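Structure, as structure tokens:
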Amino acid sequence: MSERLSAHRARQPAAPRPFTEPARLEDWRILAVLGPYRLLLVATLLSLYRSGFAPEFFQRLSAPAFYYGCLVYVIFALVLLLLGAYRRPGLRIQAHLHCLADTLTIGTLVYAAGGIGSGLGILLVPPVIGCSLVLSPRLAAVQAAVATLGMFAAETAQQLNTHAWDSSDYSQTGLLGLMFFASSLVANLVAQRARRSEAVAERVGSEFMNLSRLSESIIESMQTGVLVIDAEDRVRLANTAARRLLGDALTPGTTAARTMPALGEALTAWRAGRDDASLLLSGARSGRELTVRFTPLGWGAQTQVLVLLDDAAHLREQAQQMKLAALGRLSASIAHEIRNPLSAILQAGQLLSEAAEMRGENARLLEMIQRHGARIERIVRDVLDLSRPGPSQRMNLRLREWLIRTVAFYHESHPHTVRPIELDDVPGNVEVRFDPQHLQQVLFNLWDNSFEHGARIGRTVNVRLRASHSAEDGAVLLDVIDDGAGIPAELHERIFEPFFTTHTGGTGLGLFLCRELCEYNQARLSHVASATGATFRIRFGPTSNATVSRGHAPPSP
Numbered sequence: 078m079s080e081r082l083s084a085h086r087a088r089q090p091a092a093p094r095p096f097t098e099p100a101r102l103e104d105w106r107i108l109a110v111l112g113p114y115r116l117l118l119v120a121t122l123l124s125l126y127r128s129g130f131a132p133e134f135f136q137r138l139s140a141p142a143f144y145y146g147c148l149v150y151v152i153f154a155l156v157l158l159l160l161g162a163y164r165r166p167g168l169r170i171q172a173h174l175h176c177l178a179d180t181l182t183i184g185t186l187v188y189a190a191g192g193i194g195s196g197l198g199i200l201l202v203p204p205v206i207g208c209s210l211v212l213s214p215r216l217a218a219v220q221a222a223v224a225t226l227g228m229f230a231a232e233t234a235q236q237l238n239t240h241a242w243d244s245s246d247y248s249q250t251g252l253l254g255l256m257f258f259a260s261s262l263v264a265n266l267v268a269q270r271a272r273r274s275e276a277v278a279e280r281v282g283s284e285f286m287n288l289s290r291l292s293e294s295i296i297e298s299m300q301t302g303v304l305v306i307d308a309e310d311r312v313r314l315a316n317t318a319a320r321r322l323l324g325d326a327l328t329p330g331t332t333a334a335r336t337m338p339a340l341g342e343a344l345t346a347w348r349a350g351r352d353d354a355s356l357l358l359s360g361a362r363s364g365r366e367l368t369v370r371f372t373p374l375g376w377g378a379q380t381q382v383l384v385l386l387d388d389a390a391h392l393r394e395q396a397q398q399m400k401l402a403a404l405g406r407l408s409a410s411i412a413h414e415i416r417n418p419l420s421a422i423l424q425a426g427q428l429l430s431e432a433a434e435m436r437g438e439n440a441r442l443l444e445m446i447q448r449h450g451a452r453i454e455r456i457v458r459d460v461l462d463l464s465r466p467g468p469s470q471r472m473n474l475r476l477r478e479w480l481i482r483t484v485a486f487y488h489e490s491h492p493h494t495v496r497p498i499e500l501d502d503v504p505g506n507v508e509v510r511f512d513p514q515h516l517q518q519v520l521f522n523l524w525d526n527s528f529e530h531g532a533r534i535g536r537t538v539n540v541r542l543r544a545s546h547s548a549e550d551g552a553v554l555l556d557v558i559d560d561g562a563g564i565p566a567e568l569h570e571r572i573f574e575p576f577f578t579t580h581t582g583g584t585g586l587g588l589f590l591c592r593e594l595c596e597y598n599q600a601r602l603s604h605v606a607s608a609t610g611a612t613f614r615i616r617f618g619p620t621s622n623a624t625v626s627r628g629h630a631p632p633s634p
């Protein structure tokens with residue numbers, strides 16, 4: 078157990094020690110400030126000495142020692158400035174050098190001025206504070222101790238030189254040492270607190286930036302258009318969906334009224350409290366009808382407003398899809414309940430036709446039972462197939478080669494009828510990813526619809542297949558085009574609804590099943606309005622491309 082605990086502790090990252098991180102730029106700047114301080118201090122002392130100011134003070138001065146101390150101080154200041162500029166050696170070593178240089182030179186000046194009573198020892202406080210700001214608490218205390226010992230050494234040397242022993246001077250030196258320790262402690266505590274505050278601020282700032290980037294990424298990826306409008310009705314933020322819905326006129330800084338007049342009017346009415354927070358607007362440059370929702374981002378008259386934009390047609394389509402999904406589940410459950418009694422009815426009809434010789438009206442009624450029973454069975458089978466499509470086995474298909482084989486197989490399945498299908502424009506390098514069984518079922522259904530509708534109007538319909546790429550995102554498009562009578566405009570919105578049919582013998586599930594199979598393979602089936610005939614378009618998923626590679630399945634029989 079102890080070995081596992083030891084191993085666990087060894088794997089844990091060690092807690093960071095204070096003052097072991099790389100030196101910060103601010104710390105180097107603190108040491109750099111001490112250089113001009115030293116030069117200014119020397120210049121001030123020399124100016125006062127040469128000007129004859131305070132003669133009582135400078136009469137006791139030892140001129141050789143004073144000049145020597147000033148010269149050494151200037152040399153130290155220049156050398157330390159040079160080392161600080163190159164930042165070699167490291168920060169802590171340079172801080173120690175600063176402390177030693179200041180203690181030595183100011184101690185020399187104290188000795189030259191007649192001891193601690195001259196008051197020059199106080200000049201050592203700023204360097205002690207500066208070095209304490211960049212060192213750890215322990216090293217800062219060591220610096221204060223070195224400065225204190227330096228002052229005691231200067232005072233002792235002065236008293237040995239003059240043979241005048243005065244214990245009060247040692248008391249003053251002790252008080253000066255206490256000042257060194259106090260100023261060092263306070264400066265170090267302030268520096269530590271500032272470092273902790275800076276670390277917290279940096280961490281909070283980093284977290285804020287990460288959250289900001291995450292929020293921007295989420296907003297940009299939303300399918301709902303997002304606008305932020307300020308109190309002056311100017312757009313401050315707009316995501317990609319909003320730019321797509323509102324068109325090219327939407328740029329940051331433009332007014333809502335200029336972007337979309339109806340939006341500007343709705344926003345003004347909403348601010349005045351005369352309208353609801355959710356509206357249906359038209360007049361966007363993209364030609365779409367939009368659902369608009371307003372939400373205040375705070376309180377007061379100057380607050381910004383969050384505007385959410387949705388394509389009303391897309392919302393209606395989503396609602397329709399939800400309704401169809403619920404209807405599909407209900408239909409599947411009903412079909413499952415109908416299947417068993419329907420099988421019994423069909424079997425009884427078959428036995429009745431074999432057991433007795435039916436003539437006249439009875440034969441017609443029996444044939445009606447069998448015909449409508451077979452139709453109901455086909456509806457039940459389609460509904461159950463729709464509710465249990467089975468696992469999708471998507472694979473890469475060379476579209477042209479696969480279509481050639483599929484068309485040939487379709488013609489083999491209808492040997493007694495003329496059903497012309499032409500590959501109008503299908504490049505050989507186009508490849509799609511789809512379950513071949515599902516794609517064959519979709520195409521067979523579309524082709525059957527074209528030829529059966531043509532047969533009902535008494536003419537032979539020609540079907541053409543055309544492949545292309547979407548100009549928006551490069552997705553592969555396959556168009557199934559016929560030259561038949563076409564689909565009336567008023568029926569365009571209903572042809573994919575389940576159980577909708579214009580033919581008395583149809584089930585109304587063919588196109589609905591085709592669309593579901595396409596969506597099951599990450600594709601989309603839609604009707605494209607055309608001047609003549611009917612055009613259905615399969616938009617393949619994002620994994621489809623124009624590069625021929627591997628894995629090509631023939632059509633399944």
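In the numbering used here, the protein residues as written are 78 to 634.
Positions of the beta carbon are idealized from the N, C-alpha and C atoms, including for glycine.
Predicted model only: the values in this text are computed from it and were never measured.
- The alpha helix (DSSP H) runs lying completely inside the region 263-338 and spanning 4 residues or more are 317-323 and 333-336, given in chain order.
- Residue environment: Y188 is assigned as buried (16 or more neighbouring CB atoms within 10 Å of its CB, all protein chains considered).
- Counting C-beta pairs closer than 8 Å gives three or more between the region 497-504 and the region 536-544, which meets the contact rule.
- A check of alpha carbon separations from F258 across E279, V223, E232 and S274 identifies V223 as the nearest.
- DSSP, read as helix, strand or coil, puts P513 in helix.
- In the structure shown, E366 falls within a coil segment according to DSSP collapsed to helix, strand and coil.
- For M228, the closest alpha carbon among the candidates Q269, G194 and D560 is that of G194.
- For F229, the enclosing alpha helix (DSSP H) begins and ends at P214 to T239.
- Beta-bridge annotation (DSSP): D387 is paired with T368.
- L385 and A600 have their C-alpha atoms some 28 Å from each other.
- Residue pairing for F613: DSSP places it in a beta bridge opposite V557 and H604.
- The alpha-carbon of A221 is positioned some 59 Å away from that of L383.
- With contact defined as three or more Cβ pairs closer than 8 Å, the region 232-242 and the region 285-302 are not in contact.
- Between the C-alpha atoms of W479 and A552 there is a straight-line separation of about 18 Å.
- H488 sits in a helix when the DSSP states are folded into three classes.
- Taking 8 Å as the cut-off, the beta carbon of D307 is found closer than this to the beta carbon of Q381.
- Around the beta carbon of G531, 16 or more other beta carbons sit within 10 angstroms, so the residue counts as buried.
- Beta-carbon to beta-carbon, T578 and L520 are separated by about 20 Å, too far to satisfy the 8 Å threshold.
- Listed in chain order, the non-local C-beta contacts of S527 below 8 Å within the same chain comprise V538, V540, V557, D559, G561 and A611, local neighbours out to five positions each way being set aside.
- The closest CA to that of T336, considering only G350, R348 and R321, is found on R321.
- The residues M299, Q300, T301, G302, V303 and L386, in chain order, have a CB closer than 8 Å to that of A318 in the same chain once the five nearest residues on each side in sequence are set aside.
- DSSP, reduced to helix, strand and coil, places E574 outside both helices and strands of the structure shown, so it counts as coil.
- Counting the other Cβ atoms within 10 Å of the Cβ of N473 gives 16 or more, which makes it buried.
- Between Q514 and the set H569, Y597, S410 and A234, the nearest pair of CA atoms involves Y597.
- If you draw a 10 Å sphere on the C-beta of A390, you find fewer than 16 other C-beta atoms in it, and that means exposed.
- DSSP, reduced to helix, strand and coil, places D501 within a strand of the structure shown.
- Scanning L186, A343, A485 and I446 for the CA closest to the CA of Y126 turns up L186.
- In the three-state DSSP reduction, E549 falls in the coil class, being neither helix nor strand.
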